[in-house]
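Under this note's numbering, the first residue of the sequence shown carries the number 1, and numbering increases by one thereafter.
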Amino acid sequence: MKFINEQEKKLTKKQIILFILIIGYYSLVILATTFGRSAENIFVRTIDFDVLSQYQQAWNQFSFNSFFHIIVNIGMLFPLGILLPLFSEVFLKTKWMLISSITTSLFIETLQFITLRGSAELDDLFHNTIGMMLGYCILNIVLIFLKKKESHTQIVKYLILPTAVSFVTLGIIISYQMKEFGNMPFDPYGKTDMSHVTIKTSLELSKEGKKMPVYDSKGQKVRDVETISPKEAFQKLKQGDIYPMGPFGAGEEFEGETLVITEYNLEHATDTKGFSQPVYIFRVHLKDNDVVLTAPPISARK
């Protein structure tokens, strides 16, 4: 199939300007995501196929900063979704625009993988593609209104993606606002691999939970909540249902270590709405190094 017909072979001034803008903007994106990064910041050559963990982490921390990475990745290729269809009518067709969005995003991730100047992540590919298609959909909606030649029913297919993104965003906000208490920023956003360490304890861990108070931001008691038992919290620790930190999923320096739980306490930590909720804190002794560490807090509320 020919992408450019005989009448389109000679570029107009408008197309030349758009072509320069497309190449210039995409070059800036490549520079920002790959070659513009310091050579000292070398990433591990891996491919992360987990799309949901980034959303889980952002949900746990629930702030603009926590969602910033997702927003940036969606917005990064948004302008190209507008510029490409203006450059050539070929890209007004959904099929070719989708193919262009995927290949454009895939090229960035491939460069990061090869150069080790970034991490190749499936969620980045997904968000970049969504962003570019959002630009395409919004442009088409504007063009339909400006031309007033096509039926407004044509708008429906271009409204699907923006509407879906809006509903998902609104759903997240409403779900959060409906929660009585906030989210715990250190809750796990995925399973931590604990196979590189051994965790032991000689403590007698109760199988019974108890009631603990939750306090508001002024330190006043809100109500008592049921907590999981120390035994359940310890199992979460062993199974890797924790925030990856220190010897718990941090890397090779702790490979083969034996971690001995010497003490645990029920304390309070602040959630994303300012409430103080009960958490389990385990004190950990590195058997071979005579070092005492604190394990990541584990939410105690059932």
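Glycine included, each C-beta is placed from N, C-alpha and C at the ideal position. Note that the coordinates shown come from a computational prediction; the quantities given were computed from them, not determined experimentally.
Y215 sits close to S276, with the two beta carbons spaced by under 8 Å. Within the same chain, S119, A120 come within 8 Å of T46 by CB-CB distance, once the 5 residues on both sides are set aside. When DSSP reads this structure, E121 sits in a beta bridge with D48.
Under the DSSP definition of a beta bridge, H268 partners with P278. When secondary structure is reduced to three states using DSSP, Y215 falls in the strand class. Setting aside the 5 residues that flank it on each side, F67 is surrounded in the same chain by A58, each with a C-beta closer than 6 Å to its C-beta; the list follows chain order. C-alpha of L21 to C-alpha of L52: approximately 34 Å in a straight line.
In terms of Cβ geometry, I228 and G209 form a close pair [threshold 8 Å]. Taking the C-beta atoms as reference points, T272 is found nearer than 8 Å to N183. Closest option to S105, judged by alpha-carbon separation, among R301, F167, Y264, F126: F126. Using a Cβ distance threshold of 8 Å, Y243 and D187 count as a contacting pair. Around K211, the same chain offers D224, V225, E226, T227 as residues with beta carbons nearer than 8 Å, after the five sequence neighbours per side are excluded. With a threshold of 16 other beta carbon atoms within 10 Å, F167 falls short and is exposed. In the structure shown, E226 falls within a strand segment according to DSSP collapsed to helix, strand and coil. In the three-state DSSP reduction, V29 falls in the helix class (H, G or I). Comparing alpha-carbon positions, the option among L111, G81, K147, P296 lying closest to I99 turns out to be G81.
Annotation: the continuous beta strand (DSSP E) that includes I199 extends over 198-201. Of the candidates F181, G24, S206, A233, F181 places its Cα closest to the Cα of P213.
The residue among Y158, K147, F35 with its C-alpha nearest the C-alpha of K93 is Y158. In the structure shown, E109 falls within a helical segment according to DSSP collapsed to helix, strand and coil. Here E263 carries a strand assignment [DSSP, helix/strand/coil]. In this structure, the straight-line span from the alpha carbon of T294 to that of H268 is close to 15 Å. With respect to the 8 Å criterion, L111 and I30 are classified as neighbours on the basis of their beta carbons. Nearest to K14 by alpha-carbon distance, out of I138, L86, Y136, is L86. DSSP places T12 outside both helix and strand once states are collapsed to three, so it counts as coil.
With a 10 Å radius around the Cβ and a threshold of 16 neighbouring Cβ atoms, D48 comes out exposed. Our two residues, E89 and V142, have alpha carbons roughly 15 Å apart in a direct line. In the three-state scheme derived from DSSP, where H, G and I count as helix and E and B as strand, K238 is classed as helix. The beta-carbon separation of R283 and T270, rounded to 21 Å, does not stay under the 8 Å limit for a contact.
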